[in-house]
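Undergrad: Under the working numbering, think of the first position of the sequence shown as 101, with each following residue one higher. Would you mind keeping the following structure in view while I ask a few things?
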Amino acid sequence: MTAGRNGQHMKPMQQHHKQADLRKHLRVFMRHKRLLILPFILSAVAATTLAFFLPKQYEATCLLVVERAKTVTTLLKDQVPPLKPEELIQALNERMLNWSALVGVVKKASLAPNISTEDVYGFEEAILKLKKRINLRIKGTDLIQVSYTGRYPELNAKIVDILVSDFLEKRLEEERQDAQQAYKFIDDELESYRKDLEDAEAKLRTFREKNTDALPGSENANYMAKIQTENRLMDVKEQTVENERRLANLRTQMEQIQKAAEAEQPKKTTSPTAMVLQEQITKLEVQLSGLRIRYQEKHPKVADTTEQLDVLRKKLEDEEQKLTAAETKAPSPLQLEISRQILETETELAALKSRRTMLEQRLAEYEEKVKNHPVREQELTKLQRDYEVKQELYNKRLYNLESARVTKELAIAAKTTRFTIVDPPRASYHPVKPSIPKIILAGAFIGLALGAGLVMLVEHMNQTFTDVDEAKEVLGIPLLGIVQNIETARAKDAKKRWRMAAGAAAAATCLAVSAVAAIKSLI
101 MTAGRNGQHM KPMQQHHKQA DLRKHLRVFM RHKRLLILPF ILSAVAATTL AFFLPKQYEA
161 TCLLVVERAK TVTTLLKDQV PPLKPEELIQ ALNERMLNWS ALVGVVKKAS LAPNISTEDV
221 YGFEEAILKL KKRINLRIKG TDLIQVSYTG RYPELNAKIV DILVSDFLEK RLEEERQDAQ
281 QAYKFIDDEL ESYRKDLEDA EAKLRTFREK NTDALPGSEN ANYMAKIQTE NRLMDVKEQT
341 VENERRLANL RTQMEQIQKA AEAEQPKKTT SPTAMVLQEQ ITKLEVQLSG LRIRYQEKHP
401 KVADTTEQLD VLRKKLEDEE QKLTAAETKA PSPLQLEISR QILETETELA ALKSRRTMLE
461 QRLAEYEEKV KNHPVREQEL TKLQRDYEVK QELYNKRLYN LESARVTKEL AIAAKTTRFT
521 IVDPPRASYH PVKPSIPKII LAGAFIGLAL GAGLVMLVEH MNQTFTDVDE AKEVLGIPLL
581 GIVQNIETAR AKDAKKRWRM AAGAAAAATC LAVSAVAAIK SLI
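Here's what the structure looks like:
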């Protein structure tokens with residue numbers, strides 16, 4: 101509770117000390133008010149005079165807008181990306197305020213008529229001064245303000261006009277050159293892509309022609325054809341075994357009949373010519389059966405073999421007629437039937453053998469196709485992928501070529517410039533510099549600061565006591581009394597003269613400011 105009461109008691113004491121310090125400072129400034137007022141008046145007068153007599157600076161401006169027609173934007177949105185404000189300002193600084201552009205402005209506006217181009221230092225100094233007076237600012241959305249500050253309004257407008265006009269002309273020329281170069285480059289590149297696309301298309305077409313069985317969906321067809329060929333080959337083998345068994349039985353029967361006939365008629369007339377003819381006919385019939393399996397009836401080989409067979413049969417028929425006339429006993433009907441069956445069986449065996457060979461070859465082909473189908477399908481997929489990639493690249497380049505063509509035509513027609521003059525350069529007769537209120541306020545502030553500094557310095561150097569409290573605090577002894585400062589008549593007259601001088605100075609300052617303002621307004 102004691103600590104709380106002490107804290108509450110300390111707060112009023114602190115506030116009392118603060119108020120006492122404030123009153124003390126006020127008394128100090130009141131004692132030395134001359135040192136405070138005099139610098140303030142002098143600084144204000146000097147600032148006012150300086151503000152009214154400084155050379156006036158005028159500003160000429162030109163407003164540009166970064167825009168594009170909607171149709172052009174739609175066509176060229178991939179080729180002309182929008183710029184950020186800081187990027188736009190940087191690009192304008194590089195293009196509009198480069199050395200060659202500023203040299204052109206200096207020459208066209210005759211800013212350095214007395215400086216020759218050989219005077220490198222003087223010419224560079226003129227260009228640097230020109231560059232410092234040019235300012236580029238972002239004004240709102242997609243608006244660029246180009247300004248120049250100088251002493252002559254007409255010349256300012258001329259400089260801004262030259263600067264902006266040269267920039268727009270160079271910009272348009274650069275856009276035309278860029279569009280033409282882009283079109284030529286894409287056109288040359290498109291020819292290369294077209295050749296690549298044609299090569300890929302030719303490879304894909306050749307592969308499909310040579311590997312029809314490698315097309316999608318042909319794998320099952322090849323597998324089914326292989327199964328069918330295996331079944332047919334198995335049937336041919338079974339038929340071959342059956343015919344071989346039948347031929348063996350027929351030959352055995354023929355031998356038995358011939359032995360029985362020889363036993364009944366030992367002397368039998370046989371014709372070697374007939375036997376040879378019969379053997380040749382059999383061979384040709386077997387050969388013809390194989391040819392008919394592989395070729396059609398109108399094939400030259402089939403026709404030649406048929407013709408030879410007819411000739412041999414005619415000869416055999418003539419020979420048999422001779423034997424029939426010479427022999428007293430012809431072969432029995434059973435012998436003839438067995439001979440016919442033997443001949444048919446041999447012919448069928450020859451045809452089965454040829455068919456078996458053909459089926460084995462076909463089966464090997466189908467097995468190879470089924471085995472290599474994944475590899476060929478992979479090759480086909482690779483060729484198709486290459487073709488699709490090259491076709492997509494070609495289509496993109498074709499679209500880019502069309503866009504470049506439109507860009508080139510629009511650039512030639514001067515319709516693609518990104519900058520348009522909204523507010524043309526004009527002379528402004530309203531000065532932007534110096535700012536009179538700011539200069540006067542700055543002078544007054546400097547005067548007050550200087551006066552306050554003088555007051556504090558004089559007070560610091562003054563070693564006399566100014567009041568009772570200060571004397572008690574320094575001496576540390578009780579005081580019996582104090583003697584007030586008694587002003588003499590001379591001191592009173594001095595104060596009076598000071599007040600009159602200060603009033604006269606203030607009145608003179610007001611009159612001077614009013615007179616200068618009136619003169620400037622008349623001019």
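For every residue, glycine included, the Cβ atom is placed at its ideal position computed from N, Cα and C.
If you reduce the DSSP assignment to three classes, tell me which class Gly240 lands in.
TA: Coil at Gly240, not helix or strand.
Undergrad: Output the boundary residues of the alpha helix (DSSP H) element that contains Leu255.
TA: Where Leu255 is concerned, the enclosing alpha helix (DSSP H) stretches over 253 to 310.
Undergrad: Helix, strand or coil: which one does DSSP assign to Ser247?
TA: Here Ser247 sits in strand by DSSP.
Undergrad: What does the Cβ neighbour count give for Ser626, buried or exposed, with the cut at 16 atoms within 10 Å?
TA: The chain is shown only over 101 to 623; residue 626 falls outside these bounds and no answer can be derived.
Undergrad: Quick one, are the C-beta atoms of Thr340 and Thr447 less than 9 Å apart?
TA: Against a cut-off of 9 Å, the Cβ pair of Thr447 and Thr340 comes out as no contact.
Undergrad: In terms of DSSP beta bridges, what is Ile536 paired with?
TA: Ile536 pairs with nothing; no bridge assigned.
Undergrad: Taking the alpha carbon of Gln484 as the point to measure from, which residue in Leu243, Glu298, Ser143 has its own alpha carbon closest?
TA: Closest option to Gln484, Cα to Cα, is Glu298.
Undergrad: From what residue to what residue does the beta strand (DSSP E) around Leu164 run?
TA: Looking at the DSSP string, the run of the beta strand (DSSP E) that includes Leu164 is 157 to 166.
Undergrad: According to DSSP, is Ile215 helix, strand or coil?
TA: Residue state, collapsed to three classes: coil.
Undergrad: According to DSSP, is Pro525 helix, strand or coil?
TA: Pro525 falls in the coil class under three-state DSSP.
Undergrad: How many Å lie between Glu417 and Leu459 at the Cα?
TA: Roughly 37 Å separates the two Cα atoms.
Undergrad: Measure the C-alpha to C-alpha separation of Gly250 and Ala191 and round it to an integer number of angstroms.
TA: Roughly 25 Å separates the two Cα atoms.
Undergrad: Measuring CB to CB, does Asn235 end up less than 9 Å from Ala527?
TA: Not closer than 9 Å, so no.
Undergrad: With Lys232 as the anchor, note down where its alpha helix (DSSP H) starts and where it stops.
TA: From DSSP, the alpha helix (DSSP H) with Lys232 extends over 220 to 233.
Undergrad: Here's the rule I'm using: 16 or more other beta-carbon atoms within 10 Å means buried, otherwise exposed. How should Gly390 be labelled?
TA: Classification of Gly390: buried, given that the 10 Å Cβ count is 16 or more.
Undergrad: Output needed for Pro524: all residues of its chain with C-beta closer than 8 Å, excluding positions within five of it in sequence on either side, in chain order.
TA: Closer than 8 Å at the Cβ level, and outside the excluded window around Pro524, lie Cys162, Asp261.
Undergrad: How should Asn193 be labelled, buried or exposed, when 16 other C-beta atoms within 10 angstroms of its C-beta is the threshold for buried?
TA: With fewer than 16 Cβ atoms within 10 Å of its Cβ, Asn193 is classed as exposed.
Undergrad: Hey, out of Leu443, Arg351, Lys414, Glu330, whose CA is closest to Glu385's CA?
TA: For Glu385, the nearest C-alpha among the options comes from Leu443.
Undergrad: From the DSSP output, which residues share a beta bridge with Thr520?
TA: In DSSP, Thr520 forms a bridge with Val165.
Undergrad: Just the Cα atoms here: how many angstroms apart are Leu304 and Gln280?
TA: Each residue's alpha carbon lies about 36 Å from the other.
Undergrad: Considering just the uninterrupted stretch of the alpha helix (DSSP H) at Ser200, what are its terminal residues?
TA: Residues 199 to 208.
Undergrad: Once the 5 residues before and after Leu493 are set aside, which same chain residues still bring their CB inside 6 Å of it?
TA: Tyr293, listed in sequence order.
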